[in-house]
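Asker: Each residue of the sequence shown is one higher than the one before, counting from 2 in the numbering used here.
Glycine is no exception: its CB is placed at the ideal position from the N, C-alpha and C atoms.
Below are the structure tokens for one structure; questions will follow.
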Amino acid sequence: MTPPYTVLDGIMREGRHIMSVRVYYEDTDFSGIVYHANYLRFMERGRTNHLRLLGTEHRALFQEAQRETPGFAFVVRSMRIDFLKPARMDDVLDIVTFAQEVKGASITLEQQISCGTELLVAAHVRVACVAGGRARPIPKALRAAMLANQQHALSAGEPKR
2 MTPPYTVLDG
12 IMREGRHIMS
22 VRVYYEDTDF
32 SGIVYHANYL
42 RFMERGRTNH
52 LRLLGTEHRA
62 LFQEAQRETP
72 GFAFVVRSMR
82 IDFLKPARMD
92 DVLDIVTFAQ
102 EVKGASITLE
112 QQISCGTELL
122 VAAHVRVACV
132 AGGRARPIPK
142 ALRAAMLANQ
152 QHALSAGEPK
162 R
């Protein structure tokens, strides 16, 4: 039996992770729209749950990575983000995450936030693996899972809305 909380992690469809979040009052600014920094929180949750549904929970990943590369950490190396339209209180947003490129020490992810069929935010996120202040190879199990997921997403083409 699947634990009931797994629905919180979202789903994988056509190589893409899709997770829904509801916008609460705490997510908005005084004008009633989502404060821009909160989209970053939503996307971080999407990246974390994307890994979880690939079979890589953060705690286990860090334990494995510490064996391979002591001092291992993930860092956001760069992010390009376009805020296209606002989200408002009570909107249900879909956060879509997929690997665009997997290199030796970094992974580039595409993330989109939509409300219904409307694309609200598009982001290009490069995450690097580091230890001791220097780039280090991605842990083997994570690299294999991300490469397989990337191929699935690329072969599926553009997501269906």
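Along the chain, where does the beta strand (DSSP E) containing residue 15 start, and where does it finish?
Answerer: Where residue 15 is concerned, there is no enclosing beta strand (DSSP E), given that its DSSP letter is neither H nor E.
Asker: Provide the residue(s) that pair with residue 24 in DSSP beta bridges, ordered along the chain.
Answerer: The partner list for residue 24 (beta bridge, DSSP) is empty, contrary to what the question assumes.
Asker: In angstroms, rounded to a whole number, what distance separates the CA positions of residue 152 and residue 27?
Answerer: Distance between the alpha carbons of residue 152 and residue 27 is about 37 Å.
Asker: Is the beta carbon of residue 148 less than 7 Å from the beta carbon of residue 103?
Answerer: Yes, Cβ-Cβ distance for residue 148 and residue 103 is below 7 Å.
Asker: Got a sec, what are the start and stop residues for the alpha helix (DSSP H) residue 147 sits in?
Answerer: Counting along the chain, the alpha helix (DSSP H) containing residue 147 begins and ends at 141-157.
Asker: Determine whether the beta carbon atoms of residue 109 and residue 127 lie at a separation below 7 Å.
Answerer: It is a contact, given that the beta carbons lie within the stated cut-off.
Asker: Only counting the same chain, and skipping five residues up and downstream in sequence, which positions put a Cβ closer than 6 Å to that of residue 76?
Answerer: Excluding positions up to five away in sequence, the list reads 129, 131.
Asker: Quick check: what's the CA-CA separation for residue 141 versus residue 72?
Answerer: If you take the alpha carbons of residue 141 and residue 72, they lie about 16 Å apart.
Asker: Starting from residue 44, follow its DSSP beta bridges and name the residues at the other end.
Answerer: None, per the DSSP bridge assignment.
Asker: How far does the beta strand (DSSP E) with residue 78 in it extend, from its first residue to its last?
Answerer: Where residue 78 is concerned, the enclosing beta strand (DSSP E) stretches over 74-84.
Asker: Tell me whether residue 52 sits in a helix, a strand or coil according to DSSP, three-state version.
Answerer: DSSP places residue 52 in helix when its eight states are reduced to three.
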